[in-house]
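What follows is a set of notes on a single structure, which appears directly below.
Protein chains: 2
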Amino acid sequence: VAKLLDVCKFYGHGDLQVKALDKVNLEVNKGDYLAVMGASGSGKSTAMNILGCLDRPTYGSYILNGLRAEELDDDALADLRNDELGFVFQQFHLLSDATALENVMLPMIYACVPESTREELAKTALERVGLIERMQNYPNQLSGGQQQRVAIARAIINQPSLLLADEPTGALDSSTTEDVLNLFDELHGQGITLVLVTHEDEVAKRAQKIAQFKDGKIIDIT
Amino acid sequence: VAKLLDVCKFYGHGDLQVKALDKVNLEVNKGDYLAVMGASGSGKSTAMNILGCLDRPTYGSYILNGLRAEELDDDALADLRNDELGFVFQQFHLLSDATALENVMLPMIYACVPESTREELAKTALERVGLIERMQNYPNQLSGGQQQRVAIARAIINQPSLLLADEPTGALDSSTTEDVLNLFDELHGQGITLVLVTHEDEVAKRAQKIAQFKDGKIIDIT
Ligand SMILES: Nc1ncnc2c1ncn2[C@@H]1O[C@H](COP(=O)(O)OP(=O)(O)OP(=O)(O)O)[C@@H](O)[C@H]1O
Ligand SMILES: Nc1ncnc2c1ncn2[C@@H]1O[C@H](COP(=O)(O)OP(=O)(O)OP(=O)(O)O)[C@@H](O)[C@H]1O
Ligand SMILES: [Mg+2]
Ligand SMILES: [Mg+2]
Numbered sequence: 285v286a287k288l289l290d291v292c293k294f295y296g297h298g299d300l301q302v303k304a305l306d307k308v309n310l311e312v313n314k315g316d317y318l319a320v321m322g323a324s325g326s327g328k329s330t331a332m333n334i335l336g337c338l339d340r341p342t343y344g345s346y347i348l349n350g351l352r353a354e355e356l357d358d359d360a361l362a363d364l365r366n367d368e369l370g371f372v373f374q375q376f377h378l379l380s381d382a383t384a385l386e387n388v389m390l391p392m393i394y395a396c397v398p399e400s401t402r403e404e405l406a407k408t409a410l411e412r413v414g415l416i417e418r419m420q421n422y423p424n425q426l427s428g429g430q431q432q433r434v435a436i437a438r439a440i441i442n443q444p445s446l447l448l449a450d451e452p453t454g455a456l457d458s459s460t461t462e463d464v465l466n467l468f469d470e471l472h473g474q475g476i477t478l479v480l481v482t483h484e485d486e487v488a489k490r491a492q493k494i495a496q497f498k499d500g501k502i503i504d505i506t
Numbered sequence: 285v286a287k288l289l290d291v292c293k294f295y296g297h298g299d300l301q302v303k304a305l306d307k308v309n310l311e312v313n314k315g316d317y318l319a320v321m322g323a324s325g326s327g328k329s330t331a332m333n334i335l336g337c338l339d340r341p342t343y344g345s346y347i348l349n350g351l352r353a354e355e356l357d358d359d360a361l362a363d364l365r366n367d368e369l370g371f372v373f374q375q376f377h378l379l380s381d382a383t384a385l386e387n388v389m390l391p392m393i394y395a396c397v398p399e400s401t402r403e404e405l406a407k408t409a410l411e412r413v414g415l416i417e418r419m420q421n422y423p424n425q426l427s428g429g430q431q432q433r434v435a436i437a438r439a440i441i442n443q444p445s446l447l448l449a450d451e452p453t454g455a456l457d458s459s460t461t462e463d464v465l466n467l468f469d470e471l472h473g474q475g476i477t478l479v480l481v482t483h484e485d486e487v488a489k490r491a492q493k494i495a496q497f498k499d500g501k502i503i504d505i506t
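Chains as they are written, first to last, in my numbering: chain H, 285 to 506; chain Y, 285 to 506.
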């Protein structure tokens, strides 16, 4: 369903140039549950951003549902993102002047879900992450782990076919982490394809396969 | 050196009121290395903000170096913070339009360190966290774990007597986490008092004591 083909990503120029991804090849099949691990700065978030159509490769190709992402213009890419993808960002990126409930409803507005059903679906998602009684709060009134959970609820609200989660349990204690991993198992059971970046072994072993990044390359898939 | 005495913290009013801290008592002695653990939303960051003079209790008292923090005005509190405390925030809070080097130098400007020595000390701190070659980059050009390490370098630059770190290894892989924990051991060996929030057992067991938070209370100190 998603394929990175000889993907390279460079940032900057000359002396300061950073090679974030170095000829990365990765195939994600429908229904896979893949964990991505690797040292800080090894290219994981960069790869996730390309998978999520939030960034384009410098060289190489990204094929999603048979379409070459680099051949789509920005609008077509945005539509693809809204319909097919859910993304949990490493730093959440919640809208600071929207409540938890409004933040979770946002993707549904882009996907043209009728207003009457939006609130109900958003409340269900917030219940699923244990935050229904905080739905009227703004992100700066929520703890780090609570913000992360709102970001997770927002990512799953449109029933995406591909869920990309960049360290989705990084700010969570072990018991809340367990709840989130159970939620991911449930989504996987419903046929959703998951790619999760994590640096914790307990989280990675819940996946089917683990891809190891090092210096912008994938050195191993187990 | 730092004592929370019957500290209560409320946010909001009426139905939406949240009791973040509920009669918290905590004594941190000079040279201690304390880990703080507990579920998402249990009050850890709130307690850290009070310890760091970034927030005041609703009821109760915070005594730092023999002074009641609530009796100091905002300027006196700011001075105390700059001279005595180092803080690694759960969400880093780096200045987005300053380079990594400039971000690390900032606390020294407030502490009136002469300009000639500032750059040198900042480079040493960045070397210590493995980021010297990225010193000219801005935070949005750095990975999550790199930003976290810049935040750590900034927190230790003024040789604070009390280092407060809110999930300082949350975005780091295990090998980079090990480097940071070795750095903390080194600082502890030099007499610095450390309080670290973490949700990972491997990190917590490097400390001398662990305080467990639950629903705004400390239920256990081992
Ligand atoms: N400005 C605020 N207004 C309302 N509630 C708040 C505010 N700031 C924090 N809270 C609430 O206070 C409680 C404690 O928050 P705190 O940030 O201390 O938790 P935490 O233990 O650090 O959690 P985490 O592990 O998720 O970071 C949470 O329920 C949080 O939502
Ligand atoms: N806009 C940018 N300009 C320059 N370098 C960048 C930029 N964005 C990312 N990089 C660099 O690309 C490399 C890979 O970054 P990436 O965010 O993918 O790492 P990561 O594996 O997610 O790390 P972490 O585990 O710390 O989150 C890093 O060295 C990073 O500093
Ligand atoms: Mg990353
Ligand atoms: Mg917190």
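For every residue, glycine included, the Cβ atom is placed at its ideal position computed from N, Cα and C. These numbers come from a predicted model, not from an experiment.
- In this structure, residue 450 of chain Y lies away from residue 487 of chain Y, with their beta-carbon atoms at least 7 Å apart.
- If you look at residue 468 of chain H, you'll find it in the alpha helix (DSSP H) that goes 458 to 473.
- Residue 352 of chain H is classed as exposed because its beta carbon has fewer than 16 other beta carbons within 10 Å across all chains shown.
- Membership of residue 322 of chain H in the beta strand (DSSP E) is indicated by the continuous run 317 to 322.
- Going by DSSP, residue 450 of chain H is part of the beta strand (DSSP E) stretching over 446 to 450.
- DSSP places residue 481 of chain H within a strand segment (E or B) once states are collapsed to three.
- Judged by their CB atoms, residue 329 of chain H and residue 374 of chain H are nearer to each other than the 7 Å cut-off.
- Rounded to the nearest whole angstrom, the CA to CA distance from residue 477 of chain Y to residue 311 of chain Y is 12 Å.
- Among the residues facing chain Y, residue 430 of chain H is included, as its CB has a counterpart in that chain under 7 Å away.
- For the pair residue 363 of chain Y and residue 377 of chain H, the Cα-to-Cα distance works out to about 32 Å.
- Residue burial annotation: residue 314 of chain H is exposed, with fewer than 16 other C-beta atoms found within 10 angstroms of its C-beta.
- Using a cutoff of 6 Å, the CB of residue 304 of chain H counts as near ligand 2, since one of the ligand's heavy atoms is closer than that.
- Each residue's CA atom was taken as its position, placing residue 463 of chain H and residue 436 of chain Y some 30 Å apart.
- With respect to the 7 Å criterion, residue 322 of chain H and residue 304 of chain H are not classified as neighbours on the basis of their beta carbons.
- In the DSSP secondary-structure assignment, residue 370 of chain H is bridged to H/447.
- DSSP links residue 292 of chain H through a beta bridge to H/343.
- In this structure, the C-beta of residue 428 of chain Y approaches ligand 3 to less than 6 Å from one of its heavy atoms.
- For residue 312 of chain H, the enclosing beta strand (DSSP E) starts and ends at 302 to 312.
- Contact of residue 500 of chain H with chain Y by beta-carbon distance below 7 Å is absent, the smallest such distance being about 11 Å.
- Relative to ligand 2, even the nearest heavy atom lies 6 Å or more away from the CB of residue 492 of chain Y.
- Under the three-state reduction of DSSP, residue 498 of chain Y is assigned to strand.
- The CB of residue 394 of chain Y never comes closer than 7 Å to any CB in chain H; the least such distance is about 24 Å.
- Look at the region 352 to 429 of chain H and you find these whole runs of beta strand (DSSP E), each 3 residues long or longer: 369 to 372.
- At a cut-off of 7 Å between C-beta atoms, residue 460 of chain Y counts as an interface residue with respect to chain H.
- Put simply, the backbone Cα of residue 382 of chain H is about 43 Å away from that of residue 398 of chain Y.
- In this structure, DSSP gives residue 505 of chain H an extended state, which the three-state scheme calls strand.
- Per DSSP, residue 455 of chain Y lies in no alpha helix (DSSP H) and is assigned neither H nor E.
- DSSP, read as helix, strand or coil, puts residue 493 of chain Y in strand.
- For residue 326 of chain Y, there is no enclosing alpha helix (DSSP H), as DSSP gives it neither H nor E.
- For ligand 4, no non-hydrogen atom lies closer than 6 Å to the CB of residue 458 of chain H.
- Within chain H, the residues whose beta carbon sits less than 8 Å from that of residue 375 of chain Y are 375 and 428, listed in sequence order.
- Judged by pairs of C-beta atoms under 8 Å, the region 405 to 412 of chain Y touches the region 424 to 440 of chain Y, as three or more such pairs exist.
- Between residue 504 of chain Y and chain H, the shortest Cβ-Cβ separation is not below 7 Å.
- With distances taken between CA atoms, residue 467 of chain Y lies nearest to Y/440 out of Y/332, Y/331, Y/427 and Y/440.
- Distance from the CA atom of residue 489 of chain H to the CA atom of residue 432 of chain H, rounded to whole angstroms, is 21 Å.
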